[in-house]
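The structure appears below as structure tokens.
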Amino acid sequence: DVVMTQSPLSLPVTLGQPASISCRSSQSLVFSDGNTYLNWFQQRPGQSPRRLIYKISNRDSGVPDRFSGSGSGTDFTLKISRVEAEDVGVYYCMQGTHWPLTFGQGTRLEIE
Amino acid sequence: EVQLLESGGGLVQPGGSLRLSCAASGFTFNTYAMGWVRQAPGKGLQWVADISGTGYNTYYANSVKGRFTISRDNSKNTLFLQMNSLRAEDTAVYYCAREGGSTAYGHFTSWGQGTLVTVSS
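If you read the sequences in order, they're chains A and B.
Numbered as in the numbering used here, the first sequence ends at 112 without a single skipped number.
Numbered as in the numbering used here, the second sequence ends at 121 without a single skipped number.
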């Protein structure tokens with residue numbers, strides 16, 4: 001199975017400051033069609049997960065442009081340019097390239 | 001608007017069975033693959049199973065293979081998860097999620113609110 005490793009697991013951030021989450025996969029996520037199926041999900045407290053980013057860097061509809069994704073191969077990053085109070089929650093990376101589908105452990109973002 | 005409404009969760013004894021349902025609306029159900037993802041209390045997300053838009057192709061996590069069966073009724077816009085031989089470690093909130101297309105997996109573009117399954121004696 002592809003292991004997805006996130007860091008840090010806990011991320012205290014001051015309002016208005018940037019935040020960055022790393023996600024590394026145990027093997028390349030480049031699919032045979034040339035796409036890299038790496039997603040980022042946000043789960044706010046008490047809510048269902050919501051997809052933010054797909055194929056490394058594409059924002060879903062309604063996702064603020066302060067969220068951005070980057071990376072390639074096995075190393076990926078989610079960045080929030082200026083953290084707002086509504087960004088509190090747990091962030092997961094997930095790979096959709098290989099079966100079984102696997103998630104990272106999650107990174108808990110909190111306001112300090 | 002895409003809506004996914006899970007039901008069927010509850011308390012079941014170890015070794016027992018449970019059938020989860022997910023009623024879908026707001027999109028053409030048979031043109032999308034669907035999946036189940038679970039979350040144990042206080043833990044992260046774990047993919048459980050996926051099924052193609054036609055229902056012909058199914059995929060399972062190793063931890064549930066042989067015990068769980070994913071299926072769908074496209075005439076009723078409903079997704080199912082039949083869970084047999086349940087174990088304590090299957091205790092979790094189970095989410096149904098819509099995939100990216102009929103055979104496009106690993107996208108989970110929309111999620112339901114989840115249904116809690118508790119396996120305990």
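C-beta atoms are modelled at their ideal positions from N, C-alpha and C, and glycine is treated no differently.
Predicted, not measured: the structure shown is a model, and the values here were computed from it.
Would you mind working out which of the options sits nearest residue i, comparing C-alpha positions?
i             : options                           : result
N74 (chain B) : B:F108, B:G66 and B:I51           : B:I51
G69 (chain A) : A:S20, A:T97 and A:S48            : A:S20
V37 (chain B) : B:G26, B:E6, B:A97 and B:S7       : B:A97
V88 (chain A) : A:F76, A:S22 and A:E110           : A:E110
Q50 (chain A) : A:M4, A:K79 and A:V90             : Checking the displayed sequence, the identity of residue 50 (chain A) turns out to be Arg instead of Gln. For R50 (chain A), the nearest C-alpha among the options comes from A:V90.
A23 (chain B) : B:A88, B:G101, B:T109 and B:K76   : B:K76
L85 (chain B) : B:G8, B:S17, B:S7 and B:L11       : The question names Leu, but residue 85 (chain B) is Ser in the sequence shown. Nearest of B:G8, B:S17, B:S7 and B:L11 to S85 (chain B), Cα basis: B:S17.
F80 (chain B) : B:L11, B:T91 and B:M34            : B:M34
I53 (chain A) : B:S110, B:G53 and B:T78           : B:S110
G53 (chain B) : B:V119, B:T118, B:Y105 and B:T115 : B:Y105
K65 (chain B) : B:G55, B:D90, B:T78 and B:K43     : B:D90
R66 (chain A) : A:G16, A:L9 and A:M4              : A:G16
S63 (chain B) : A:P100, A:R82, A:Y37 and A:G71    : A:P100
T36 (chain A) : A:E84, A:Y92, A:D75 and A:Q105    : A:D75
Check this for me: beta carbons of residue i and residue j, under 8 Å apart or not?
i              : j              : result
P14 (chain B)  : S121 (chain B) : yes
L45 (chain B)  : G112 (chain B) : no
L11 (chain A)  : T107 (chain A) : yes
H98 (chain A)  : V2 (chain A)   : yes
T115 (chain B) : L11 (chain B)  : no
S48 (chain A)  : Y94 (chain B)  : no
S25 (chain A)  : Q95 (chain A)  : yes
G55 (chain B)  : R67 (chain B)  : no
E86 (chain A)  : T14 (chain A)  : no
Could you spell out the range, first to last residue, of the beta strand (DSSP E) harbouring residue i?
i              : result
G71 (chain A)  : F67 to S72
W40 (chain A)  : L38 to Q43
T5 (chain A)   : M4 to S7
F108 (chain B) : It is not in any beta strand (DSSP E) - F108 (chain B) carries neither H nor E in the DSSP assignment.
P12 (chain A)  : S10 to V13
F80 (chain B)  : T78 to M83
A97 (chain B)  : A92 to R98
G104 (chain A) : Element bounds for G104 (chain A): n/a, residue is neither H nor E.
V37 (chain B)  : M34 to Q39
A49 (chain B)  : L45 to I51
F76 (chain A)  : D75 to I80
List the residues of chain A whose Cβ lies closer than 7 Å to the Cβ of residue i, in chain order.
i             : result
L45 (chain B) : P49, Y92 and F103
Quick one: list the residues of chain B neighbouring residue i, beta-carbon separation under 7 Å, in chain order.
i             : result
W99 (chain A) : Y59
What does residue i reach in chain A if we use C-beta pairs closer than 9 Å?
i             : result
Y95 (chain B) : S48 and P49
N62 (chain B) : D1 and P100
By the criterion of Cβ-Cβ separation under 8 Å, what are the contact partners of residue i in chain B?
i             : result
Q95 (chain A) : G106
In chain B, which residues lie with their C-beta within 9 Å of the C-beta of residue i?
i              : result
G106 (chain A) : K43, G44 and L45
Got a sec: does the ligand SAH put a non-hydrogen atom nearer than 7 Å to the Cβ of residue i?
i             : result
T14 (chain A) : Summarising the ligand content, the structure contains no ligands, and the ligand SAH is consequently not present.
Note down, in chain order, all residues in the segment 102–121 of chain B with a beta-carbon under 9 Å from any beta-carbon belonging to chain A. Against chain A - using a Cβ distance shorter than 9 Å - the residues of the segment 102–121 of chain B are A104, Y105, G106, H107, F108, T109, S110, W111, G112, Q113 and G114.
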